[in-house]
Amino acid sequence: MILLNSAVPPHTVHAERLRGLVLDWAGTTVDYGSLAPARTLHQLFAQAHITLTESEIRRDMGLPKKDHIRGIMSLPRVRDAWQKLRGHLPSEADVEKIYKEFIPLLFSCLAVYSAVIPGVVEAMHRFRQRGLKIGSTTGYTRAMLDLLVEKSAKEGYIADCNMTPEDVGEGRPHPFMMYENAVRLQVYPLAAIAKIGDTAVDIHEGLNAGAWSIGVAGTGSMIGLSLEDFQALSEAERESRLVEARAELQKAGAHYVVDTLADVHAVLDDIDDRLKSTSKSR
């Protein structure tokens, strides 16, 4: 556990303990390394004769998928390559075309990269024992998320509430999915909720909502490797990559950073202690 931000969310004085968690999906609870969207985007742009780097693909990971594609197409190198190949800069019509091709391709990748991350089911049991309600947010569409919800339930991971950008009109880093989770979970104030995710926009989503934000460094997009590929690295290389991933989440403003969801329990204890301390000092 790394305590990064000594500041507490607004309205902390009204919360005496955590009552809910809002979890990200790819890279946090399912799809170790957040591979499905990355592999899909790499293949999609390769078909358009543009080879993306891993950093270009993952820069905007966590955004709604059309926004993610729009972000990639706004990169100077990609814009220049697009113009050279097609004689014009990428337009909104091009974004729509790429996104339309993205949807069926991602569904095929989700069928391959959707396993629940090791330790998540056990972590969920402990969350329930703490009396926590569990929500979720994602950058996926409702149809994509419904597929993940169905598959993950068979492996033992079930959240109480699952929100997509379509449900609220705007995705991350806007806080509206967080607000809707709070409504449906009946948890208030937002300082009684912790948002947990593996990308900068996950962190920003939590902060913008006035909730606690916890980053997950080891299983998601910051490292971007499957469990097998990560374990195949030398111990020194694994630690080097973890240090870099932790630093990126720290830079995004996370209150805490852990390596996996299974490591978050000590963080939850610390948040409860801080909430109780603040409440007593009123």
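Mapped onto the working numbering, the consecutive letters of the sequence shown carry residue numbers -2 to 279.
Cβ atoms here follow ideal geometry from the backbone N, Cα and C, with glycine treated the same way.
Each residue's CA atom was taken as its position, placing Arg243 and Arg55 some 15 Å apart. Sixteen is the threshold: when 16 or more other Cβ atoms of the shown chains lie within 10 Å of the Cβ of Arg67, as they do, the residue is buried. Counting every other CB atom within 10 Å of its CB across the protein chains shown gives Ser52 a total below 16, marking it as exposed.
For Trp79, there is no enclosing beta strand (DSSP E); the residue is found in the alpha helix (DSSP H) stretching over Pro73 to Arg83. Around the CB of Thr196, 16 or more other CB atoms lie within 10 Å, so the residue is classed as buried.
Comparing alpha-carbon positions, the option among Ile69, Ile268 and Ile131 lying closest to Pro87 turns out to be Ile69.
Sequence-distant partners of Leu222 (beyond 5 residues in either direction) whose C-beta falls short of 6 Å from its own C-beta, in its chain, are Gly30. Counting every other CB atom within 10 Å of its CB across the protein chains shown gives Glu225 a total below 16, marking it as exposed. Ranked by Cα distance from Gly250, the first of Ala208, Thr26, Ile220 and Ala90 is Ala208. Note that the segment 37 to 47 does not touch the segment 232 to 239; fewer than 3 beta-carbon pairs, one per stretch, sit closer than 8 Å. Contact annotation: Gly136 and Lys62 have beta-carbon atoms nearer than 8 Å. For Ser210, the enclosing beta strand (DSSP E) begins and ends at Trp209 to Val213. For Leu204, there is no enclosing beta strand (DSSP E); the enclosing alpha helix (DSSP H) covers residues Ala197 to Ala206. One alpha carbon belongs to His201, the other to Gly84, and they sit about 37 Å apart.
Taking a contact as a CB-CB distance under 8 Å, the pair Val261 and Ile190 does not count as one, their CB atoms being some 14 Å apart.
Counting along the chain, the unbroken beta strand (DSSP E) around Ile193 starts and ends at Ile190 to Gly194. In this structure, DSSP gives Ser237 a helical state, which the three-state scheme calls helix. Contact check for Arg169 and Thr216: beta-carbon distance about 18 Å, past the 8 Å limit, so the pair fails to qualify. Assignment of Ser218 by DSSP, reduced to helix, strand and coil, places it in the coil class.
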